[in-house]
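Here's the structure, in structure tokens; my notes come after.
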DNA sequence: TTAATTTACTTAACACTGTTAAGTGAAACA
DNA sequence: TGTTTCACTTAACAGTGTTAAGTAAATTAA
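Protein chains in written order, with this note's numbering: chain H, 1 to 200; chain X, 1001 to 1200.
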């Protein structure tokens, strides 16, 4: 009886079809311009069909939210072969920076907009998709402390310091809050800030 | 002929009435839960009346956006009498922090959400409502540099560094991105980060 | 092979949203 | 007193997320 298996496979494929479309539209048009009806149009099904595969719009975007962290983590791991922890930390910062600029909608979803998650499924603090990411940073910071950098602070505070500064920089830029600086100077000022972080 | 004057006064009062209601609802329910119809209900007029006083919803919130900066600037100026620039900078950071926590919706509007502004009226880079605020920080940083802190960096980068870190801290917290930390530790870790900024 | 049932999907609708066109009745002016 | 202006409202449009009810085909049971 391969019918049950086939049906399950088809269900999975349909879910993937919806997610793929949602992701494509999301990256192209941004979070708030993706509607259920547009996804439905895109995959050539009626809007209500989507509700047979996802509880609500949030469930779709929560999946994209989690996927974004996986992608970001893979991107981040490219620094794993850098021996010197301080160089690794600097590169990590640059990667974070690049990821945000190259994937602004993903960055928004991951770190800025309200997490698309209904109160029901809360309490995922332990398996938070961003946990791996932060722990990788934390470990790098701990290694940096062995070679002197940040040695007077707790690893948690030092890691949060680095993250906050880079996130602050990136999100202010993304949300057009850095208009005080002339456009041609913005990037160089931001790069200088990245330097300040590791000179602490 | 006091009629024209009276009418103008009444027009102004009505605008203020709308803004007051919008502000109240906004602070109580948050940005995306304020609708034209709710404001209309609140002031006991029909929804369309609001469009006789404001071009669109954005124009209402752009006014609140500007007002928020004025309020924030006044709040900030309380540090003006602190002689030592480094102490002033530290206090400024604490004030920024408190303002964000006490006025989360305002903070969101000022520094996180898309600026409620139609492309038409763009090009206000010169008279940006947040300019005064940043310049106050910039001046404080410049004074700090005279006493050694940040002396190896450009004032702009040093000021942006401070702003980015505090904004990063505040916005990650506001947007519930600090769940890695146990709730009871969060505040102390954040305070430690504030220290890292001004420690040399 | 045929009848009953399950399943995948659609159509229609509800309650919202921002916004506009058209209409109304009172105030201001001639 | 008749005309015009003006503040405001009602009705409507096009969009949103989401649900209830209906349909036709695939699957199962006889």
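Every residue gets a Cβ at the ideal spot worked out from N, C-alpha and C, and that includes glycine. Quantities reported herein were computed from a predicted structural model and do not represent experimental measurements.
Closer than 8 Å to chain X by CB, residue i
i: residue 180/H; result: yes
i: residue 34/H; result: no
i: residue 132/H; result: no
i: residue 189/H; result: yes
i: residue 125/H; result: Its pLDDT being 44, under 50, residue 125/H is placed unreliably by the model, and nothing is read from it.
i: residue 128/H; result: yes
DSSP-derived helix/strand/coil call for residue i
i: residue 150/H; result: coil
i: residue 1145/X; result: helix
i: residue 167/H; result: helix
i: residue 140/H; result: helix
i: residue 159/H; result: helix
i: residue 1083/X; result: coil
i: residue 93/H; result: helix
i: residue 1104/X; result: helix
i: residue 56/H; result: coil
i: residue 63/H; result: helix
i: residue 1035/X; result: coil
i: residue 1134/X; result: helix
i: residue 181/H; result: coil
i: residue 1043/X; result: helix
i: residue 112/H; result: helix
i: residue 1190/X; result: helix
i: residue 118/H; result: coil
i: residue 176/H; result: coil
i: residue 11/H; result: helix
i: residue 51/H; result: coil
i: residue 17/H; result: helix
i: residue 71/H; result: helix
Under 8 Å by beta carbon: chain H residues contacting residue i
i: residue 1082/X; result: None at all; the shortest Cβ gap to chain H is about 23 Å.
Chain X contact residues for residue i, given Cβ-Cβ distances below 8 Å
i: residue 169/H; result: 1160, 1164, 1168
i: residue 172/H; result: 1111, 1163, 1164, 1167
Proximal chain X residues relative to residue i, where beta-carbon distance stays under 7 Å
i: residue 89/H; result: Residues of chain X passing the Cβ test: none, with the nearest at roughly 14 Å.
i: residue 193/H; result: 1157, 1160, 1161, 1164
Beta carbon proximity, residue i to chain H, threshold 8 Å
i: residue 1038/X; result: no
i: residue 1196/X; result: yes
Residues that residue i contacts on chain H, provided the C-beta gap is smaller than 9 Å
i: residue 945/X; result: Given that chain X is displayed from residue 1001 to residue 1200, the structure contains no residue 945/X and the question cannot be resolved.
Partners in chain X for residue i, counting only beta-carbon separations shorter than 9 Å
i: residue 176/H; result: 1114, 1115
i: residue 109/H; result: Here the premise fails: no neighbours, minimum Cβ distance about 11 Å.
Close Cβ partners of residue i (< 7 Å) along its chain, the five nearest in sequence each way excluded
i: residue 117/H; result: 58, 62
i: residue 26/H; result: 34, 64, 105
i: residue 144/H; result: 85, 86, 89, 150
i: residue 92/H; result: 76, 79, 137, 140
i: residue 3/H; result: none
i: residue 1043/X; result: 1017, 1018, 1021
i: residue 1005/X; result: none
Residues near residue i in its chain [Cβ-Cβ closer than 8 Å; skip 5 each side]
i: residue 1095/X; result: 1075, 1076, 1078, 1079
i: residue 1197/X; result: 1093, 1161, 1162, 1165, 1166
i: residue 1113/X; result: 1031
i: residue 1056/X; result: 1118
i: residue 1069/X; result: 1110, 1129, 1130, 1132, 1133
i: residue 186/H; result: 173, 178
Sequence-distant residues of its chain with Cβ nearer than 6 Å to residue i (five each side left out)
i: residue 60/H; result: 22, 54
i: residue 1159/X; result: 1137, 1138, 1141
i: residue 194/H; result: 93
### the stretch 1141-1167 of chain X: positions lying closer than 9 Å to chain H by Cβ
Those would be 1150, 1152, 1153, 1154, 1156, 1157, 1158, 1160, 1161, 1163, 1164, 1165, 1166, 1167, in chain order.
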